[in-house]
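The structure appears right after this line, and notes come after that.
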Amino acid sequence: MYRRACSGALQPPFPGIVKIICSGALQSPSRGFAAAHPEATAPFGTASDPSGELIVPLLYIRQQIFDRMFKFLTTCTVCLIILSFLNAQSGYSNYTQQTARLNALARTYPQLTKLRSLIKTSAGKDIWQLSIGLGNMDSKPAIAVVGGVEGNYLIGTELAIGFAENLLQGSSTDSINSLLNKTTFYIFPNMSPDAMEQYFAAIKYERQGNATVTDDDRDGKTNEDPFDDLDGNGKITVMRMESPVGEYKTHPDDTRVLVKADLSKGEKGNYTLFTEGIDNDKDGVLNEDGEGGVWFNKNFTYKHPSFTPGSGEFAISELETRALADYLYEQFNVYAVVSFCSNNNLSTPLSYNATSATQTIVGAWLQPDIKVNTMVSDLYNKTLNMKDAPVATPGGGDFYSWAYFHYGRYSFSTPGWWVPKTKPDTTKQEKAFTLEDPMANYLRWSGQQSLGTVFTDWKAIQHPDFPNIKVEVGGVDPFVMINPPHKLVADLVKKHSSFLVKLAAYQPELDIVNLKTEKIGGGLTRITLDIINKGALASHSKLGERSYWVKRINVKLNTLATQSVISGKKIQVLNALEGYSSQPLSWLVKGSGKLTIEAGSPTTGNKTIEILL
Ligand SMILES: [Ca+2]
Ligand SMILES: [Ca+2]
Ligand SMILES: [Ca+2]
Ligand SMILES: [Ca+2]
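Quick note: to get my numbering, add 7 to the position in the sequence shown (first position is 1).
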């Protein structure tokens with residue numbers, strides 16, 4: 008038996024295992040191997056025939072086995088090194104790697120960080136919150152930084168974790184140390200961990216929904232018609248079907264690309280476009296209900312798109328949306344929310360819409376907040392120096408709109424990266440496009456950047472739902488048009504970190520100046536002073552000023568029992584103080600001795616002065 012094992016079954020499985028490991032099935036090669044070859048689980052020392060007859064000298068066999076084991080382990084090690092190298096090259100961190108990076112920061116910088124799981128998603132993945140600051144973090148004005156707002160924007164999560172890494176690596180410098188003395192950062196790197204893992208899955212597609220099981224088309228069945236990888240390339244792209252009444256035609260300068268035919272110019276389309284797949288449930292619609300439940304960026308309260316796929320049964324229906332909203336509502340010290348997703352008011356600021364802004368239910372940013380947006384956008388563009396960002400209108404139920412309209416804070420959002428407008432490379436005989444199109448531009452750019460294969464060429468398939476019609480599968484890879492090649496991530500992290508640090512320097516900051524006390528007879532003293540905002544941002548957004556849930560600047564006179572305030576309020580609440588502005592206040596106080604005046608709010612910090620009457 009052993010001879011058989013040695014000369015036959017035992018020999019080939021070793022290279023077999025190596026092959027399995029090399030091809031990526033790392034989890035259970037030994038289990039698979041053992042199941043397929045139970046004889047190989049026999050201890051090596053029992054190398055004897057059942058009859059007890061030794062067929063080959065034992066030492067020789069041991070040496071043979073040792074040699075093979077050594078070769079096997081060496082090959083495994085090489086494979087693992089190659090795998091980890093490839094992994095490092097491919098770049099984007101999956102959930103496990105994100106978790107490891109955050110834990111590493113918490114371990115390395117215990118004095119400056121607090122890492123906790125805000126909540127677990129329905130799939131059991133932690134929503135991490137990394138708070139960075141000094142001392143009592145919740146008592147200082149804060150910026151919330153949120154990534155994974157959309158599960159397909161991996162760059163957003165990289166920017167959020169990368170910012171934390173950059174900030175903490177610089178924490179020994181005086182400038183970062185004094186920043187952390189004044190400002191707290193609440194970082195939520197990935198609000199869509201269930202969806203984001205689709206990037207790393209066997210079949211890649213841009214997913215935004217979490218693991219909540221949903222019936223997207225409300226037919227009583229769940230996940231009954233997902234995408235189908237018809238060409239077996241591990242990616243969900245698109246299908247084009249020839250049709251005399253199709254909406255699409257090929258791009259005049261790049262035949263790989265389809266563009267909408269312009270009916271107003273008398274153009275005629277000849278293709279209909281679908282996502283890749285078949286009609287699994289035969290209801291006449293393709294891929295209408297696959298895996299992927301509720302979208303984080305569709306589940307918030309402002310203009311919640313109820314009854315649309317991905318929005319949830321009701322606003323804030325999901326564990327992670329609820330947890331974040333609940334948490335932030337209690338954090339009165341947050342003055343700005345910076346999120347990374349398709350929504351964008353950083354590279355291009357919003358413009359004032361008087362009609363919507365003056366409605367009873369405010370439908371657009373208020374004018375003073377638009378000014379702030381313009382200023383912050385200017386800071387962003389000067390720091391990033393990236394042009395031609397795509398325009399995106401929030402789709403409702405989105406986090407960025409909630410942060411302004413319902414949370415009442417300055418809300419800034421950016422995709423973090425977009426495909427630059429690309430000039431033709433004349434050395435490659437490229438010509439200027441006669442028709443501007445994002446995909447054609449992307450393919451030109453990726454070609455010039457030598458990014459390798461990013462487009463699956465159109466290939467005809469037999470489609471069961473469209474017999475006798477020419478259907479082709481192909482198209483640009485998922486993710487690549489919204490997430491940069493990983494080699495660009497470090498520079499983007501550096502620039503966005505710089506932007507966030509500069510934004511913190513715009514923080515509202517309260518002070519009390521120009522104090523004057525005048526004795527006016529009769530034991531009365533007139534006190535005058537200016538409350539000023541030394542920061543560039545207003546103490547609160549104008550919209551926040553209207554919110555009962557935002558804590559405005561409170562000014563309080565603490566008098567002795569022998570003192571009384573004759574005129575002026577002992578306690579008063581101020582409206583938002585614009586950036587670099589002041590508000591004069593005065594009181595008439597009767598009596599003598601010490602009194603203190605306190606002014607402050609969670610977003611501006613506090614200031615106390617002492618006066619001797
Ligand atoms: Ca369904
Ligand atoms: Ca495919
Ligand atoms: Ca269907
Ligand atoms: Ca399908």
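Beta carbons are placed, not taken as given, at the ideal position from N, Cα and C, and that holds for glycine.
Counted as a single uninterrupted DSSP element, the stretch harbouring Pro471 is not any alpha helix (DSSP H), since DSSP gives it neither H nor E.
Rounded to whole angstroms, the gap between the alpha carbons of Met203 and Gln215 is 7 Å.
Under the three-state reduction of DSSP, Pro591 is assigned to strand. DSSP places Gln136 inside the beta strand (DSSP E), whose first and last residues are 133-139. In the structure shown, Ile616 adopts extended strand secondary structure according to DSSP, grouped into three states. If you ignore the 5 residues before and after Val344, its C-beta comes within less than 6 Å of the C-beta of Ala151, Ala410, Arg416, Ser418, all in its own chain and listed in chain order. With a cutoff of 7 Å, Asp235 counts as near ligand 4, since its C-beta is closer than that to a heavy atom of the ligand.
Here DSSP, grouped into helix, strand and coil, assigns Gln374 to helix.
Counting along the chain, Thr164 sits inside the alpha helix (DSSP H) bounded by residues 161-176. A heavy atom of ligand 3 is found nearer than 7 Å to the CB of Glu295. Here DSSP, grouped into helix, strand and coil, assigns Glu249 to strand.
Asp235 sits in coil when the DSSP states are folded into three classes, being neither helix nor strand.
Residue Ile538 holds the alpha-carbon nearest to the alpha-carbon of Ser588 among Ile538, Glu157, Ala396.
Judged by DSSP in its simplified three-state form, Phe207 adopts helix. DSSP, read as helix, strand or coil, puts Leu458 in coil. Approximately 6 Å separates the beta-carbon atoms of Thr603 and Thr615; this is inside 8 Å, confirming the contact. Pro471 sits exposed, since fewer than 16 C-beta atoms from the chains shown fall within 10 Å of its C-beta. The three-state secondary structure of Val398, taken from DSSP, is coil.
The alpha-carbon of Leu137 is positioned some 13 Å away from that of Ala149. A direct Cα-Cα distance of roughly 6 Å separates Val478 from Ile468. Beta-carbon to beta-carbon, Leu187 and Ile139 are separated by about 7 Å, close enough to satisfy the 8 Å threshold. The criterion of a C-beta distance shorter than 8 Å is satisfied by Lys242 and Pro485. Secondary structure of Gly598 (DSSP, three-state): coil. Taking each of Ala167, Tyr449, Val220, Phe170 in turn and checking the Cα distance to Ala130, the smallest one comes out for Val220.
A residue is called buried once 16 or more other Cβ atoms fall within 10 Å of its Cβ, and Trp556, having fewer, is exposed. When DSSP reads this structure, Lys428 sits in no beta bridge, so it has no partner. CA-CA distance, Gln579 to Glu172, rounds to 42 Å. Between Met488 and Leu331, the CB-CB gap reaches or exceeds 8 Å. If you check the CB distance, Val383 and Phe170 do not come in under 8 Å. Going by C-alpha positions, Gly158 is about 7 Å away from Pro200. If you compare the alpha carbons of Phe281, Leu175, Trp135, Pro233 with that of Tyr102, the shortest gap goes to Trp135.
Bounds of the beta strand (DSSP E) holding Gly481 are 478-483. In this structure the stretch 219-234 lies against the stretch 290-303, because at least three pairs of beta carbons, one per stretch, are closer than 8 Å. Within the same chain, Cβ atoms closer than 8 Å to the Cβ of Leu175 are found at Leu112, Thr115, Tyr116, Leu119, Thr120, Ile139, the five residues on either side in sequence being excluded. A Cβ-Cβ contact shorter than 8 Å links Glu585 with Pro375.
By the beta-carbon neighbour count (other beta carbons within 10 angstroms, threshold 16), Asp269 is exposed.
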